[in-house]
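Presented below is the structure to which this report refers.
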Amino acid sequence: MEAKIQNIHKDIKAKEAYFSATQFQLIYARFRSNRSAMIAGLFLLIMVFLGVFADFISPYDPTIAGRDKDYEHGAPQIPLFWDDNGFSLRPFLYTLERYRGKDTNFRWVYKLNKEKEKRRYVYLFPKGWKHKALAFNVNLPGKKFDFKIPGFTFERHLFGIDSGGIHLFGTDKAGKDIFSRTLHAIYISLAVGTIGVFIAFVLALIIGGISGYFGGWIDGVMQMITDTVRVIPPIPLFMVLASFAPSEWSSETRFFFIASILGLIGWPTLARRVRTHLLSERSQEYVLAAKLCGASPSHIISRHLLPSFTSYIIVDLVISFPYMVLSETALSFIGLGLREPVNSLGVLLQNATRADVLLNYQWYFIPVIFFIVLVLSFVFVGDGLRDSADPYKVLKK
Amino acid sequence: MTDLLNIHNLKVEFDTDEGRILAVDNVILKLQEGQILGLVGESGSGKSVTAKSIMQLNADNAVYGDNSKIVLEGQDVLKFKENQDLKVIRGGKVSMIFQEPMASFAPAITIGEQMIELLLLHKKISKEKAKSISIDMLDRVGIADADKRFKQYAFELSGGMRQRAMIAMALSTMPKLLLADEPTTALDVTIQAQVIDLIKDIVAEYKMGVIFITHDLSVIAQTVDYVAVMYLGTIVESGPVREIISNPKHPYTQGLIEALPDLNNLDKPLKPIPGDIPSPLERPTECVFHTRCKLFESGVCDNAVPPLSEYEKEHTVACFKVNNNE
Amino acid sequence: MNSDQNLIAIKNISVDFSFQENFLSKKQKIRAVKNVSLNIKKGSFVGLVGESGSGKTTLGRAILAANKISSGKVIFHDDDKDYDLTNISKQELKEYRKKAQLIFQDPYSALSPRMTVRDIIAEPLEVMKITNTREETDKRVREIASKCRLNLEHLRRFPHAFSGGQRQRISIARALVSNPKFIVADESVAALDVSIQADILNLLKSLRKELNLTYLFISHDLSVVAHVCDVVAVMYLGHIVEMAPSRELFKNPRHSYTKALLSSIPSIDPEKQSNAIELKGEIPSAMNPPSGCVFRTRCPNPTHDCKEGNIEMGLIEVSAGHWVDQCCVNCV
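Chains as they are written, first to last, in the numbering used here: chain A, 1 to 397; chain B, 398 to 723; chain C, 724 to 1055.
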C-alpha cells in the first residue's frame, strides 16, 4: 500500500511537470528520447569543442610558419605505449633518420630507429607556438573599417613531443601538420557557416516577416523577388561573385566576403519558411481573440507569432548549416573561396587531386572523415529537432 | 444464423511518447446481417478505434491484445497481415464512411475516377461496367443528375452531396459490413435527417450490417437496432435501443440521457454528469466510471473491473451496484 | 436599471465580403448578412440559429466590430453612453472592446498553446490596460477563474493539460475578465461532449444572473438553444426569417424553414419515428441568391407568387413578439 501511494505521488509529480511544462521543455523532453539525435548532438558538441579550441589542441601552427621541414609528405605517426623494448607509461614515437646510401641509390629515405634510447616521448601542455585567443583583426577595404582587438596570447598546447615533430595525421607536401590543419578547418567552416546563416536569417526574417504578416499585394511582390533570387543557379552565381573579389584583399577580408555571399544566396528558402509559418499562425483563433481585445500588431507578433515559430526557425537554422559548410567547401576546392593561410576543408582538398597524392599519400583525406561526421551530426540533430519541434501538433481530437 | 461480425475481448493500446495508453479494453460485440449496431460515447470513448480495428486502420503504434479476436464471416481479421488478405477486406467486404467527406475524396481526381478505381480493385469487371455501377449507385443515394456529378470533383459538391457520394462509393462494392464513423455530425440538421433515412433504406435493401458510431444519442435512437454505450474504452451498457433508452441501468447512460436537452420539456434543467472525464493517461484501472459515479461505493467499485453481465434478456450492464442488487 | 431598455439595437444591417480569386481577376461581392434588424434587450439571452451559410457567425462578429458593416446601423446603449458601431472613433472602439466580448467555438484553437492559463486570462487586462500592477491583475484573474469554476492551482498549467470542457471554461474566463456587458457565444458548446455541454450551459446561465450579462448565443443546435434562450431568431442565407420568444417559436413555428428545421431534429424517443419535412435541393450560393424570398427554391409548399420571386423579404409581427418573414405570412 505504501508503495502504491508512493507511486501515485511520483505519478502526480510527473503529471504536474508535464502539465506545467513550457514549450521548450516539452521539445527538449522529446528530443532527449530520440537516440540518434542525442548521439549526433554529442558528436556535434565534440566537433564544436575541437573547433573552438583548435589553437590549443593543435601542436603546430597550421600555416606555412609551422611546417616541419624534416618531415615532408610524412605518414601519420601514432604514439605507441608498448613495443619490443618494453612498456612505457608515456606514449612515444620512434626517431626518424634520414639516410642516403648506395643501397638506396643515393636518394633520401626515412628509416625508423627503434632503439630505446632514441625514443621520443609525448608530453602534455608543452610550450609551443604562439597563438592568440579572442583577437580580432579586421582589415576590410577602406581604412575606416579596420579594427583590431589584441586579445590574449598563449603558448601552451595540449600535447607535444620532446624532440622532433609529432604528426598524428601526417604532413603534406610542405610539411604542414594535417592534424592541426584539420582542426583549424573545422573552426573556419563553423565560423563561415555561422556568419552565413546569420546573414541569411536576418534577411529571411525581414523579408519573410513582412510578407507573412501583411499578406496581400506586399506578399505577392516580395514573393516574386524571393523566387527570382532563388531561381538563379547557385554555382555559376557563386563563381561570378567570388571571382569579383580582388586578390589584394587579405585572407580575412576574403573570409567575410565568402561568408556574406553564402548568406545572400541562402536567404530565400528561409524566408519562405518564415512566411509560411506566419501566414498559418496569423489565422489562428487565439490571434483573433487578442485582436478583439484591441492588441497592437507588435503585441501580437511578440506574444503570439514569434513564440509559435521560434522552434521551427531553430530547426531551419540548424538544417541550413550543413549546406553552408558544403557550399563553402565546394567554392574553396575550385579555388574561388578561401585561400591560404585561412584554411578550410576545401583548401585542404585543393592539393589532394594529384595522382601521386591519391596513390601514395592517402592521409590527406583524413579531414574528409571529420567533415562527414560534422555535417551528418548537423543533419541528425536538425532532423531530431524537427521531429520534436511542434509538441502541440497532435493535440486536436 | 452465424454472426456476420463477432468481436471478442478486443484490447487496443497505443505506444506514445507519454507511455502506453489503453484505448479500448475488453470489448465484446456481435452483429448480424441486416442489423444496425450503434456505438455511442463521448470523446475518448474508443468507439472509432474499435471500428477501425476491424480493418486494422489504426495508427502504426497500435498494439492489439493477445486474446483479441475479430471474426468476420468466420475469419479472424485481426490476424491478417498487410497483404492480399487485408486488401480484400478493406473496401471489399468492409467499407467505411467518415465524418469529414472532404477528407475521403482525393481533391485532384474526379469522384467518378475514384469510384471506378475502388471497384476495379475489388471486382474483376470491365471499366465500362464499373462506370455504370457507380452511376447507378450515385443515383440510388439520391444525387440528382448522377452522370453529370460523376465527372465532377469533390469540391464542386455541397456537404450533403459529398456525404452521399461517399456512401455511394462505400456501397458500390456491395460490402457485407458498413462502418459509419460520425457520418452525420458535420452535416446540417436538415441534411442529417435525409442521410439517416438513406442509411436505413440501404440496410433494408442490401441486407448489410452497419456499425453506426456517433456521440449523438438522439441520432442513435432514430437509427439503430442495438446500441452499445462506451466510456473510456469499455462498453458499460448494451442492448436493444428501445430498452436502453427507456430503461437505462448504468449510471453513465442515465447521466447521458439526463444531460440531453429535451424539446418536449423545455423547463427541465440540464443535468451534466459531475466531474471531468479522466485523461487517457489517468484511466482508472478498476471500474472506469467510478470517479464520477453517483452510485460509487468504496471497496467495491474501486477494487476490480465490473464485467459486462446480463441484466435482462439481451440487456447487459457493466456495473457492480446494478448487477449485485438484482 | 430599465430592463426594457435595448442593449443593442441593430437596424437593417448588411455585411459584405469581397472575394477575389487572385489579384488579377475581378472583385466579387458576397452579401453574407442582408438587411437584418434585431433588438437585444438588456439581460436577455438571445439565440441565433441557422445552418451553414446562414450568416449567423458573420452577424455575431459584425456586432462585435470584427467584421465591417456595409450598411445599416448598430447602436450599443451603454449606461451612460451610446456607441454607434458604424461610426466609431478609435478611442470609443477601445472602450467598446471592454464591454463586448466573444467566446469561440473550438476550445483547442482558441487558446494559445504557449501561454499559461493565467497569462491567457490576463491578456485582455494587460492589452486593454484595465489593471495597473501585477497584483491587481492576478487578483482579478483569480476572481474570474473561481467564478468559472477553474481550479486555482491550474492557473500555471498550459492548455495542453486540459480537457475540452475545461478549456472552454478558460475561454469563458478570458471573455469575462474585462467585465463586459455583452457576450457573443459563437457555437461555444458545439465542440463539446453532451455531458460537458450541459455543464457549460448551466455555467453561462448562472454567470448571466451573477454578472448581469446579455448574451447572443449562436448555434446550429436547436434543442440547446431552446433550453437556454429567451428569444430565438432563425436565419437563412443572410436573412432573419423568423424571430420569437423561444417557447412560442417551438410551439408555433410559422415559417416553412423553421418548421422544416424543427421537424428534422431527431427525437430521443425511438418510438417516435421522424417525419422530417424534406427540403429539396441545396442551399443556394451566397454569390447569387434567389430574388424575392431567398427560401423559395427549397420551400415545400410555395405559392405562385413566392415561386416567381415577387414577394420582397421583411419581417412582420404576427403576434406579441413573434415576427415572421412576410412571404410565409401570406401562405398558410
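The beta-carbon is built from N, C-alpha and C at its ideal position, and this holds for glycine as well. Nothing here was measured: the structure is a model prediction, and the numbers come from that model.
Proximity test, Cβ basis, 8 Å: residue i and chain A
i              : result
L730 (chain C) : no
F881 (chain C) : yes
E910 (chain C) : no
A789 (chain C) : yes
R820 (chain C) : yes
Span separating the alpha-carbon of residue i from that of residue j
i              : j              : result
I853 (chain C) : R863 (chain C) : 10 Å
E398 (chain A) : L374 (chain A) : Past the boundaries of the shown model lies residue 398 (chain A); chain A is included only from 1 to 397, so the question cannot be answered.
M38 (chain A)  : V379 (chain A) : 12 Å
R680 (chain B) : G443 (chain B) : 12 Å
V707 (chain C) : P658 (chain B) : The question about residue 707 (chain C) has no answer here: the residues shown for chain C are numbered 724 through 1055.
F56 (chain A)  : R354 (chain A) : 32 Å
G164 (chain A) : I78 (chain A)  : 14 Å
G557 (chain B) : S986 (chain C) : 18 Å
A823 (chain C) : K764 (chain C) : 14 Å
R67 (chain A)  : V342 (chain A) : 15 Å
G208 (chain A) : D316 (chain A) : 13 Å
P882 (chain C) : K13 (chain A)  : 18 Å
F31 (chain A)  : A200 (chain A) : 26 Å
Neighbour list for residue i in chain C, Cβ cutoff strictly below 7 Å
i              : result
K668 (chain B) : A921
Q284 (chain A) : S832
P366 (chain B) : This structure does not reach residue 366 (chain B), given that chain B is present from 398 up to 723, and the question cannot be answered.
P307 (chain A) : R837
Residue-level contact to chain C via CB, residue i, 8 Å cutoff
i              : result
G636 (chain B) : no
E679 (chain B) : no
A590 (chain B) : yes
H277 (chain A) : no
L653 (chain B) : yes
S243 (chain A) : no
H184 (chain A) : no
A389 (chain A) : no
R559 (chain B) : no
I564 (chain B) : no
H612 (chain B) : yes
Contact list for residue i against chain C, beta-carbon separation under 8 Å
i              : result
L663 (chain B) : A949, H950, S969, R970, F973
H443 (chain A) : This structure does not reach residue 443 (chain A), given that chain A is present from 1 up to 397, and the question cannot be answered.
Q619 (chain B) : P989, S990, P993, Q996, S997
Interface flag, residue i vs chain B, CB-CB below 8 Å
i               : result
L782 (chain C)  : no
A983 (chain C)  : yes
V955 (chain C)  : no
L875 (chain C)  : no
V759 (chain C)  : no
D1048 (chain C) : no
Contact list for residue i against chain B, beta-carbon separation under 7 Å
i               : result
D803 (chain C)  : Ordered by position in chain B, no residue passes the 7 Å Cβ test against D803 (chain C), which lies about 36 Å from the chain.
L1002 (chain C) : T587
Chain-ordered neighbours of residue i on chain B, where CB pairs are closer than 9 Å
i              : result
S869 (chain C) : Going along chain B, no residue has its Cβ under 9 Å from S869 (chain C), so there is no contact; the nearest lies around 17 Å.
Closer than 8 Å at the beta carbon, the chain B residues around residue i
i              : result
S886 (chain C) : D673, I674, S676
Partner residues on chain C for residue i, Cβ-Cβ distance less than 9 Å
i              : result
V714 (chain B) : Going along chain C, no residue has its Cβ under 9 Å from V714 (chain B), so there is no contact; the nearest lies around 19 Å.
A290 (chain A) : S835, E846, P847, V850
R537 (chain B) : Simply none; closest approach about 17 Å.
Within chain A, partners of residue i - CB distance below 9 Å
i              : result
K817 (chain C) : G294
In chain order, what are the residue ranges of uninterrupted alpha helix (DSSP H) at least 4 long that sit wholly in the segment 769–857 of chain C? Runs of the alpha helix (DSSP H) inside the segment 769–857 of chain C: 779–786, 813–822, 840–850.
Entirely within the segment 602–626 of chain B and at least 3 residues each: give me those beta strand (DSSP E) ranges in chain order. 606–611
Tell me the start and end of each unbroken alpha helix (DSSP H) in the segment 625–687 of chain B that is at least 4 residues and wholly inside, in chain order. 638–643, 648–656
If you measure beta-carbon to beta-carbon, which residues of the segment 25–37 of chain A are closer than 7 Å to chain C? none
Enumerate, from N- to C-terminal direction, the unbroken alpha helix (DSSP H) stretches of 4 or more residues contained entirely within the segment 867–925 of chain C. 887–899
With 7 Å as the limit, tell me which residues of the segment 1010–1022 of chain C have their beta carbon closer than that to any beta carbon of chain B; keep them in chain order. Result list empty, no residue passes.
Would you mind listing the beta strand (DSSP E) stretches within the segment 951–1027 of chain C that are 3+ residues and don't spill past its ends, in chain order? 954–959, 962–968
Taking a Cβ distance cut-off of 9 Å, strictly less, list which residues of the segment 12–23 of chain A are near chain C, in chain order. Only K15, E16, Y18, F19, S20, A21, T22, Q23 from the segment 12–23 of chain A bring a Cβ to less than 9 Å from some Cβ of chain C.
Secondary structure, alpha helix (DSSP H): runs of 4+ residues fully inside the segment 274–324 of chain A: 285–291, 297–300
Give me the subset of the segment 928–941 of chain C whose CB atoms are less than 7 Å from a CB atom of chain B, sorted by chain position. Residues are counted here when their Cβ sits less than 7 Å from a Cβ of chain B; for the segment 928–941 of chain C the count is zero.
Taking a Cβ distance cut-off of 8 Å, strictly less, list which residues of the segment 427–439 of chain B are near chain C, in chain order. E439
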